[in-house]
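Start counting the sequence shown at 2; every next residue gets the next number (this note's numbering).
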Amino acid sequence: MYRYDEFDERFVRERVAQFRSQVARRLDGSLSDDEFRPLRLKNGVYLQLHAYMLRIAVPYGTLSSRQLRQLALIGERYDRGYGHFTTRQNLQFNWPKLKDVPDILDLLADVEMHCIQTSGNCIRNVTADHFAGVAADEVEDPRPTSELIRQWSSLHPEFSYLPRKFKIAVTGAEHDRAAIAAHDIGIRILRHPDTGEVGYRIFVGGGLGRTPMIARLVRDFLPKADLLAYLEAIMRVYNLEGRRDNKYKARVKILVHEVGIEAFRAAVEAEFAKLDGPTVNADPAEMARIAAYFAPPAYETLPATDAAYERARAAEPEFARWADVNLFPHKVPGYAAVTISLKPIGGAPGDATSEQMRAVADLAERHSFDELRVTHRQNLVLPHVRLSDLHAVWKALVAAGLATANEGLITDIIACPGLDYCALATARSIPIAQSISERFGSYERQREIGPLEIKISGCINACGHHHVGHIGILGLEKSGQESYQVTLGGDATEDAALGVLLGPGIRGEEVPDAIERIVDVYLRERQPGEVFIDAVKRLGLAPFKPALAGAAKELADAD
């Protein structure tokens, strides 16, 4: 993984010192709250319902055990002993005191981490496929590209005051595990069909929130050497033409929608042609320097199967269940990638205690070449585990309360913090996720249902990605009550689609029953081997609409 050089170290330390001075001036009254607000946001500090929240960048979701141990220490010393992993592969602490934030930032800098550009109208944390460097369907590891973009975009003088926040995701695989179509810019690494040259396919104008849109293709193939110049061209067009009069219409997706993709593409290509590529694009030597940090680890030459692993599977059904669900095939024989679910039955999605973080850090150090990943689905991954070590890893996860076997199943729910924490929320998300999880907690029931992604947001800002959930749930306030809308058919993969509203809103306590009725329709109507999302696409909404009818009428009558 990437390591700071002298410039990175100095850059982060100077930013910490600067913010320490700004915090001191806020605490002594020299800065008003309004004056301090843009300064704290540039350093990842939000003011939530009950306390400040600190958002820590985890670039493209890659962490070392040393970094995770430091996060555990911060959670223990300055928060309430836990952290929350987010859909942008970041970590949030929900209870820090403002006076302590500079000390937290210093601790982060000690392990090459920071909170810069995790908020504000700038280019945010670049996200990537959490199985980068592991997946067999990968054309190229997306992390060197992601790191290049991170360095280019950090405090970029031209793009630090954009019309609105800007999010970029990168995938290097045929199967999109990075949700690139839901981003302002989505980048897919691919080979040119004629020449075999590795380059980029660029999408623009995706995003969720109050006006969800799927990204549009802006460049079918871009040579790798031209990436930064092309991104700069997109950013310049957006920075110049994006709306600043209305923050709800300020995202690049609105600009693309209003002018049309053809006109936007033409403007980008014209700007790209004007740029002096060699002065903008990365020097090949610099790209080689970055790529060297992501060289494959020192894998052993191992057989594709392992007798001890197979014996453990046969002897312990619980281990076999976990392995069936939470392992991802590794491109190197004798290894697997392990998804560590942060979705215990009845738990808050994405939360991990400091003790659990330390347990995962120990496992990464001992069994995964000192590396782990954060997924946009709010789980963790040990990317390089020998098959012979899987049983020991599982036992350690059981001891840490992290061995839930539900990756990709109905209880592997994405949920934002909602009204329990967030000042923008209009309804609770966590209790809804917990109630659904408890309803479908049986492993046998989950396996019978098969892959099904539920995503929950507590307001229209859609931090829980509900628009691209197979089942999406949006919490709103209606006549002083929490009301939940249900959508079906959302998809965050290469077949990206926005979910369609199933019917009027329902009460929170009715949501688990409604989800169960939806699932029952699927189980009754599915064809052999057909997963939930494919059944919804084939059947349409009509068979599922009665699932909400009674509950929606009760809420309407109560109004």
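C-beta: ideal position from N, C-alpha, C; glycine also.
Where do the ends of the alpha helix (DSSP H) carrying residue i lie?
i	result
Gln435	Ile431 to Arg440
Glu139	Note, Glu139: premise wrong, no alpha helix (DSSP H); not H, not E.
Val253	Val253 to Val260
Val339	Premise fails: Val339 lies in the beta strand (DSSP E), Tyr336 to Ile341, not in any alpha helix (DSSP H).
Ala292	Pro285 to Ala293
Phe37	Asp34 to Leu42
Leu391	Leu391 to Ala401
Phe12	Glu7 to Leu28
Ile450	Tyr444 to Ile450
Arg89	It is not in any alpha helix (DSSP H) - Arg89 carries neither H nor E in the DSSP assignment.
Arg192	Counting along the chain, Arg192 falls outside any alpha helix (DSSP H), though it belongs to the beta strand (DSSP E) covering Ile186 to Arg192.
Rounded C-beta distance between residue i and residue j? I'm assuming under 8 Å.
i	j	result
Gly500	Lys538	In fact, because the Cβ distance is near 11 Å, the residues do not count as touching under 8 Å.
Glu139	Gly173	5 Å
Tyr83	Pro97	Not really, about 12 Å apart at Cβ, beyond 8 Å.
Gly476	Thr488	Incorrect: roughly 13 Å between the Cβ atoms, too far for contact.
Val394	Val339	6 Å
His331	Val135	6 Å
Ile450	Ala434	Not quite, the Cβ-Cβ distance comes to about 16 Å (not below 8 Å), so this is no contact.
Gly206	Ala216	5 Å
Ala424	Gln49	5 Å
According to the neighbour-count rule (16 or more other Cβ atoms, all chains shown, within 10 Å of its Cβ), is residue i buried or exposed?
i	result
Ala548	buried
Tyr485	buried
Asn380	buried
Gly530	exposed
Asn1	Outside the displayed span of the chain (2 to 560) sits residue 1, for which this structure offers no information.
Thr128	buried
Phe122	Residue 122 is actually Asn in this sequence, not Phe. Answer is buried; the Cβ neighbour count reaches 16.
Ala308	exposed
Glu408	buried
Gly470	buried
Asp352	buried
Tyr523	buried
Asn282	buried
Glu233	buried
Ala25	exposed
Asp277	exposed
Tyr422	buried
Asp185	buried
Leu564	Limits of the chain in this structure are 2 at one end and 560 at the other, which puts residue 564 out of reach.
Please report the residue range of the beta strand (DSSP E) in which residue i lies.
i	result
Leu381	Leu381 to Arg387
Gly84	Tyr83 to Phe86
Phe545	Premise fails: Phe545 is in no beta strand (DSSP E) and is neither H nor E.
Arg125	Segment: none, Arg125 is in no beta strand (DSSP E) and carries neither H nor E.
Leu328	Leu328 to Pro330
Leu241	Counting along the chain, Leu241 falls outside any beta strand (DSSP E), though it belongs to the alpha helix (DSSP H) covering Leu228 to Glu242.
Gln93	Leu92 to Phe94
Ala353	Asp352 to Thr354
Ala218	In the sequence on display, residue 218 carries Leu and not Ala. Counting along the chain, the beta strand (DSSP E) containing Leu218 begins and ends at Arg217 to Pro224.
Return helix, strand or coil for residue i, following the three-state DSSP convention.
i	result
Thr368	Here residue 368 is His; the residue named in the question, Thr, does not match the sequence. Looking at His368 - three-state DSSP - the assignment turns out to be helix.
Ile461	coil
Ile75	helix
Lys479	strand
Leu303	coil
Leu425	coil
Ser65	strand
His467	helix
Gly278	helix
Ser147	helix
Asp514	helix
Lys168	coil
Gly419	helix
Lys98	coil
Ser129	It should be noted that the sequence gives Ala, not Ser, for residue 129. Here Ala129 sits in strand by DSSP.
Phe204	strand
Tyr47	strand
Arg178	coil
Gly473	strand
Val112	coil
Arg245	coil
Answer yes or no: the CB of residue i versus the heavy atoms of the ligand GTP, is any distance below 7 Å?
i	result
Tyr83	Of ligands this structure carries none, so the ligand GTP is not represented either.
Output yes if chain D places a C-beta closer than 8 Å to the C-beta of residue i; else output no.
i	result
Ser22	In summary, chain D is missing from the structure at hand, where a single protein chain is found.
Are the segment 397-407 and the segment 323-335 in contact at 8 Å, needing three or more beta carbon pairs?
-> yes
For the segment 105-125 against the segment 33-45, are there 3 or more C-beta pairs whose distance is under 8 Å?
-> yes
Does the pairing of the segment 210-219 with the segment 462-472 give three or more beta-carbon distances under 8 Å?
-> yes
Do three or more CB pairs link the segment 220-235 to the segment 266-273 at distances below 8 Å?
-> yes
Check whether the segment 507-522 touches the segment 189-198, taking contact to mean three or more Cβ pairs, one atom from each stretch, closer than 8 Å.
-> no
Okay, do the segment 359-370 and the segment 59-67 touch, 3+ Cβ pairs below 8 Å being the bar?
-> yes
Validate contact between the segment 285-304 and the segment 345-360 using beta carbons, cut 8 Å, 3 pairs = no
Three or more C-beta pairs closer than 8 Å, one from the segment 143-157 and one from the segment 51-61: is that the case here?
-> yes
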